[in-house]
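Visitor: Starting off with a structure, shown below.
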């Protein structure tokens, strides 16, 4: 908000790493500035993701999964109601286009809270934008029953992509074949 009151510059730290001076993360400053300006001013914001990946892979600096903008899970939903909103109109749920701005599309992690919509969204993201599969499809309901059985027996971790692929191939084989999609 300092920019609203005439501040012409701001100090920041990359990923919040730096001296204990209270400087905000540079990625947050960039996003706030662009929000205030209303356009990207030619700034390539996808480099923020590249910087975060470099810090993790090359410098071995762990980034908390829930860290805003750069954390692994910052734009992942596990809630079925949010997945349903994303299926209907991504812009309603995701206030900015994370795929365009950060080269990080919104995604879903499957848990007992994901519901039928979460499963449909996961499939939609994995097979491509042309996939139209109703959350009420019998195959999705079978996958959902399997998932709920896992959590009813005490599971506490998300369903892995590997597990989901096996479930989709088993319960949606006909749909995959008819639609020409592969997973």
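In my numbering, the protein residues as written are 42 to 224. Backbone N, C-alpha and C define an ideal beta-carbon position, used for all residues, glycine too.
For residue 148, which residues does DSSP report across the bridge?
Guide: Answer by DSSP bridge pairing, in chain order: 117.
Visitor: Look at the alpha carbon of residue 165 and the alpha carbon of residue 48, and state the distance between them as a whole number of angstroms.
Guide: Computed Cα separation, rounded: 44 Å.
Visitor: According to the Cβ coordinates, are residue 135 and residue 149 closer than 7 Å?
Guide: Taking 7 Å as the Cβ cut-off, residue 135 and residue 149 do not qualify as a contacting pair.
Visitor: Rounded to the nearest angstrom, what separates residue 162 and residue 206 at their Cα positions?
Guide: Cα to Cα, the separation comes out at about 13 Å.
Visitor: What is the DSSP secondary structure of residue 86, reduced to helix, strand or coil?
Guide: Coil.
Visitor: Starting from residue 99, follow the alpha helix (DSSP H) in both directions and report where the run begins and ends.
Guide: Looking at the DSSP string, residue 99 is not in any alpha helix (DSSP H), and its letter there is neither H nor E.
Visitor: Restricting to Cα atoms, I'd like to know which of 129, 194, 144, 210 is closest to residue 175.
Guide: Checked all of 129, 194, 144, 210; the closest Cα to residue 175 is 129.
Visitor: Do three or more CB pairs link the segment 96-107 to the segment 78-88 at distances below 8 Å?
Guide: These segments do not touch.
Visitor: Determine the direct distance from the alpha carbon of residue 131 to that of residue 188, and round the result to whole angstroms.
Guide: Residue 188 and residue 131: Cα-Cα distance of roughly 25 Å.
Visitor: Kindly confirm or deny that the segment 87-101 and the segment 49-59 touch, where touching means at least three C-beta pairs closer than 8 Å.
Guide: Enough Cβ pairs lie closer than 8 Å, so yes.
Visitor: So is residue 110 buried or exposed if we call it buried at 16+ other beta carbons inside 10 Å?
Guide: Its Cβ being crowded by 16 or more others within 10 Å, residue 110 is buried.
Visitor: Hey, how far is the Cα of residue 138 from the Cα of residue 158?
Guide: Whole-angstrom Cα-Cα distance: 20 Å.
Visitor: Report the option in 212, 71, 221 whose CA atom is closest to the CA atom of residue 186.
Guide: Taking only the C-alpha atoms, the option nearest residue 186 is 212.
Visitor: How about residue 119 and residue 152: do their beta carbons lie closer than 7 Å?
Guide: In this structure, residue 152 lies closer than 7 Å to residue 119 by Cβ.
Visitor: Taking 7 Å as the cut-off, decide whether the C-beta atoms of residue 156 and residue 121 are in contact.
Guide: For residue 156 and residue 121, yes; Cβs fall inside 7 Å.
Visitor: Check the C-beta distance from residue 70 over to residue 51 and give it rounded, since I have them as a contact under 8 Å.
Guide: Correct: roughly 6 Å between the Cβ atoms.
Visitor: Provide the residue(s) that pair with residue 200 in DSSP beta bridges, ordered along the chain.
Guide: Paired residue(s): 151.
Visitor: Would you say residue 162 lies against chain C (beta-carbon separation less than 7 Å)?
Guide: The structure shown contains no chain C, having only a single protein chain.
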